[in-house]
Structure formats: structure tokens, C-alpha cells
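One structure below.
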Amino acid sequence: MIKLIFSVSIMAFSLTGICQKIIYNPNQLYSVNELQDDFKFLRTNLEKNHPNLHLYTSKEKLSFFLDSLYKCITRPLSEMDFYNLITLINSKLKEGHTMLLPSEEAGNYFNENARFFPFYIKILNNRLYVNMNCSTDTLISEGSEILNINKIPSKDILDYLLTRQIRDGNNQTYPIWIMTNYFKEYFSFSFGHPDKFHITFKSKEYENKTVTIDALSKDSIRFYRKLKYNERDSISSPKQGIIFETNKQSGIALLSIKSFDPDILNSVYHQSFDNTIKEIFDNLNKGNIQNLILDLRDNQGGDFETGKLLLSYLLLRPIKYLPKSNNKEIIIPKPNSYKGNLYVLINGGSFSSTAILCSYLEATKRGFFIGEETGGNKIIISGDPIDTILPNTKILFSVSTTGYVIRKNRNKGRGVIPNYYTNISIDNVITDSDIPKQIALDIILKQLK
């Protein structure tokens, strides 16, 4: 079972007002011996538990790299400085279910006491754009490109953060998706919590302008987001994890699935995956719907069972699911499986068991993919992480324990590549223009003429 771990783990750093008061000193330095002990603990757990430790970096090269990191521990460091050192491992491991996060104490302390970068951003072509301005500033408009922050070029900031980010193989879509959704957290992990941000930007109004913006608490950022962008606020997001819409006149249906984790669907959206999916496909067949758009964007996965169930409603022929694992199974299409045209919307947030499902759809030539490359690998994946804590710094550490071969093809470290890659502009983002969905509709309507 590959459980959704990223959103749950990072959630502790995104929420405010729910943590207990705790004594934490962000300037505390850990001795060289303490840091070395933590590093040895980390390395031992990786080498003991990880099933694909040398999938992308040879044993010799990884050993040399880990030895080099260990030799960098020559002086006392704070937790965050040590965190920025050891997360370089991600650039060699390239595995999305093994991750490091600052300690729970650090998360609680910074959420309650620190101030953050008050913008929601979008990364496009390795450039940093403003999606939402949640500060008191009125000069930096939505769509502005941020050129530097506190005199650090945006390109250097992105390079630094992305190098330390988890991913599945060689593609960049998942780390970019993570950075887009959690930029203020990861920026603070590496660049701290300044009281002010000196931001140089360019926009339609200004070619190259620098302004000084106050850092804000997360409560304040949420307040301004709701005030300025109420309809776009996460509070106003759909109240269902599985959304189904049909247009019987055109014979087109849209099925959007936000998660394959039944616990999330039950507790957050009060939906039963099995019952909801059965009802949807009964309606698809009764309504004679000839074209189905399946939206799996931002779906980071969940359980195998939910993905297998959906596959049984979509496949036209049997497949061998994870043939070399304890979860191996031959998935046979259900008698009422959907046999119409299938269009699948994907992006960097399509990860874990979602990427597995997409991989089997691609392998059986079932569906036309639109969007961007899935964040999850389509050939091999690791999962079933165990959670541990580094003994001295208390940095959170999850390490995968099981490897899964999805398909027998040669692993190139890539996800499912869309048949139609969509180029999204910042104007599309700030106007909430759903380009992939519109492309799917245009293709369908063109064929109906």
C-alpha cells in the first residue's frame, strides 16, 4: 500500500492556531558529535530499509556522496542548517516517498511565532510569478514576475530549493508542483524568516522595480487571501473529493478525483469511493455518454485498492497489476466497464498510485493524456514508508521500504508523458482558465462535428 504522505506531512507546516505552545530555540546549535550521530542514523536507515537506494545513483557514487556530506559536518549547526545539508540526498536518491522535514517542534514554533513570504506563486519555465498577493502592498500585481528576493535572484532560489526537493526519477514536475503549493514553507526552511522582503519584480506597469514588503504571519496571509481572493480560497474549493458532471445532450462527462485515499474521501468529503464510483459508472452507461474526461490533476495517490477498482471500470482488457509484488493481481474489466472515449488530465501532482493507474492506462492505449508529465514514475516506484525521527535534531524522516515494478519497460526515470502537452501562461493561472480541460472539450467537440 502506498499511502499519501506528502500532504499529510507538510500539513503540519501549513496550519496555524492548532499547535500547543512549545519551547523551541531556532538558534540552538547541535554539536558535531550530535550531528554526526544523526547523519549515521539517517544513513543506516536508508541503507537498511530502502529497496531502490541505487536506482539512479550507483552504490559507489552514492557512498562517496554520503561520505562527502558527512565530512561537511565540521562545526556546530542549527537544525535548519543541518536540514539544508542532508536534504541534498534527495538529488541522488530521486524518490518521492522518502522525505525529510524539520522537527515537529520547529513546525509548531514557526507556525505560531514566525512571519512568512506573503505571496502565492507559480513556477513557469524556471521563473517565479505572483499568483496571489496576500500582503498590504498594491504595486505587485498578479502575474508579476519576481526577479529577486532580498537580493537573491529567483533562479538561484529555485535552483537551491529544487535541488533539495523530493521527486520520482529524473522529471521535474513533482518538485515544481510541491514548490508551487508550499513555496513560503520551503523558502523559510532554507532562507529563514526575515521581517521584511526586498522584492524586485517586473510587470505590465513596471519594468524593473524594487519594493519592501512586510513578512506576515500565516493567519494574516490567510486573512488577506480570503479578503482578496475569496472565490479562489481553498475554503471555497469543491466540497467533494469525487466530482461527476454530465452533459447528456453532448454526450460528454467529467469525472474529477482528488484522492485515492479512502480515509481522506470519507473523513474530509464524506464520500465512499467504492459506492460513488459504482454509481457514476452505472450512470455513464445508462446515459450513453460517449466521451469521458477523467481529471487526475493534483491527485497524489492513496491506496492500491481504489486505483484498481477504477481501472476495472476503465480497462478494455485484463492487465497484470504490480506483477512482481505481494499486491500482484490480474485486473479484469467489469461487465459494465466504460467503453467510450477517455481523456485523462494529468500534471505534476499526479503522483504515487495515481501515476500507477495512468501508467496502466497508457500501456493499454486506453485514453488520451492532456496536461503535463505525471509527477510519479510510470515504470518503478517505492513506497510503504516508515516514519522515524533523527535522535538529536528531531528532524522528521520517512524512508520507503518496498519497491514496486509497474511495467517491464526500461526505466528512464520519467512519468506518463501527455499526448497533448499544455503550455500554461501566468495569465491562464490568475484568471483560473482551465486550459487542459478546454483542450479536451475542443478535441471532443471537433470530433462530434
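Per my numbering, the sequence shown starts with residue 71, numbered consecutively. Even for Gly, the Cβ is constructed at its ideal location relative to N, Cα and C. As the structure is a computational prediction, the values presented were derived from the model and not from experiment.
Beta-carbon proximity check, residue i vs residue j, cutoff 8 Å
| i | j | result |
| --- | --- | --- |
| leucine 412 | leucine 362 | yes |
| leucine 232 | serine 224 | no |
| leucine 194 | isoleucine 496 | yes |
| isoleucine 476 | isoleucine 426 | yes |
| glutamine 370 | threonine 444 | no |
| threonine 472 | serine 452 | yes |
| glycine 419 | asparagine 240 | no |
| tyrosine 244 | arginine 237 | yes |
| aspartate 457 | serine 468 | yes |
| phenylalanine 152 | tyrosine 94 | no |
| cysteine 204 | isoleucine 291 | yes |
| histidine 120 | serine 470 | yes |
| serine 329 | glycine 357 | no |
| phenylalanine 259 | asparagine 220 | no |
Length of the line joining the Cα atoms of residue i and residue j
| i | j | result |
| --- | --- | --- |
| glutamate 149 | phenylalanine 351 | 51 Å |
| serine 133 | isoleucine 159 | 11 Å |
| serine 503 | lysine 378 | 31 Å |
| aspartate 331 | serine 342 | 10 Å |
| isoleucine 305 | asparagine 336 | Low confidence applies to isoleucine 305: its pLDDT is 44, below 50, so where it sits in the model is not reliable, and the reading given next is rough at best. If I take the Cα positions, the gap works out to 18 Å. |
| proline 264 | arginine 185 | 7 Å |
| glutamine 508 | phenylalanine 253 | 28 Å |
| glutamine 106 | leucine 170 | 16 Å |
| phenylalanine 109 | lysine 464 | 12 Å |
| asparagine 355 | serine 211 | 47 Å |
| lysine 141 | phenylalanine 293 | 45 Å |
| isoleucine 494 | lysine 192 | 10 Å |
| lysine 298 | methionine 202 | 9 Å |
| proline 461 | serine 173 | 11 Å |
| glycine 485 | threonine 316 | 29 Å |
| serine 128 | phenylalanine 135 | 10 Å |
| glycine 446 | serine 422 | 5 Å |
| asparagine 97 | glycine 166 | 30 Å |
| glutamate 432 | isoleucine 222 | 42 Å |
| glycine 262 | isoleucine 313 | 39 Å |
| serine 326 | glutamate 104 | 48 Å |
Run of the alpha helix (DSSP H) containing residue i, from where it starts to where it stops
| i | result |
| --- | --- |
| isoleucine 334 | 332-337 |
| lysine 110 | 102-119 |
| valine 486 | Element bounds for valine 486: n/a, residue is neither H nor E. |
| serine 128 | Here serine 128 belongs to no alpha helix (DSSP H), and DSSP marks it neither H nor E. |
| threonine 233 | 224-233 |
| glutamine 517 | 505-518 |
| aspartate 344 | 343-356 |
| serine 161 | 160-163 |
Range of the contiguous beta strand (DSSP E) that encloses residue i
| i | result |
| --- | --- |
| asparagine 203 | 197-203 |
| leucine 194 | 189-194 |
| glycine 441 | 438-441 |
| tyrosine 252 | Here tyrosine 252 belongs to no beta strand (DSSP E), and DSSP marks it neither H nor E. |
| glutamate 399 | 399-401 |
| lysine 56 | Examination of residue 56 is not possible in this model, given that the chain is present from 71 through 519 alone. |
Cut-off 8 Å between Cβ atoms - residues of its own chain near residue i, not counting five sequence neighbours on either side
| i | result |
| --- | --- |
| lysine 309 | Tyr339 |
| asparagine 196 | Lys225 and Leu228 |
| asparagine 397 | Met71, Phe374, Tyr391 and Tyr474 |
Other residues of its chain near residue i: CB distance less than 7 Å, five sequence neighbours each side excluded
| i | result |
| --- | --- |
| isoleucine 401 | Lys378, Leu381, Ser382, Leu385, Pro388, Ile389 and Tyr391 |
| glycine 213 | Tyr199, Val200, Ser273, Ile496, Asp497 and Ile500 |
| glutamate 399 | Lys378 and Tyr391 |
| lysine 394 | Val475 |
| arginine 480 | none |
| valine 78 | Bear in mind that the predicted position of valine 78 carries a pLDDT of just 46, short of 50, making it too unreliable to give a figure here. |
| leucine 155 | Leu139 and Cys142 |
| lysine 318 | Gly357 |
Bridge partner(s) assigned by DSSP for residue i
| i | result |
| --- | --- |
| asparagine 361 | Ile322 and Asn411 |
| serine 468 | Met169 and Asp457 |
| lysine 272 | Glu215 |
| valine 281 | Ile269 |
| asparagine 317 | Ile322 |
| valine 475 | Ile450 |
| leucine 286 | Phe186 |
| isoleucine 426 | Bridge partners of isoleucine 426: none, in fact. |
| glycine 372 | Phe330 |
Nonlocal neighbours in the same chain, by C-beta distance under 6 Å from residue i, ignoring five residues either side
| i | result |
| --- | --- |
| glycine 441 | Leu415, Ile416, Asn417, Pro488, Thr492 and Pro506 |
| glycine 87 | Only weak support exists for where glycine 87 lies, its pLDDT of 43 falling under 50; the value from the coordinates is given anyway. Closer than 6 Å at Cβ, skipping near neighbours: no residue. |
| serine 407 | Tyr383 |
| glutamine 517 | none |
| isoleucine 449 | Ile476, Arg477, Asn479 and Asn481 |
The ligand GTP heavy atom lying under 7 Å from the CB of residue i
| i | result |
| --- | --- |
| asparagine 103 | Only the bare structure without any ligand can be found here, which leaves the ligand GTP out of the picture. |
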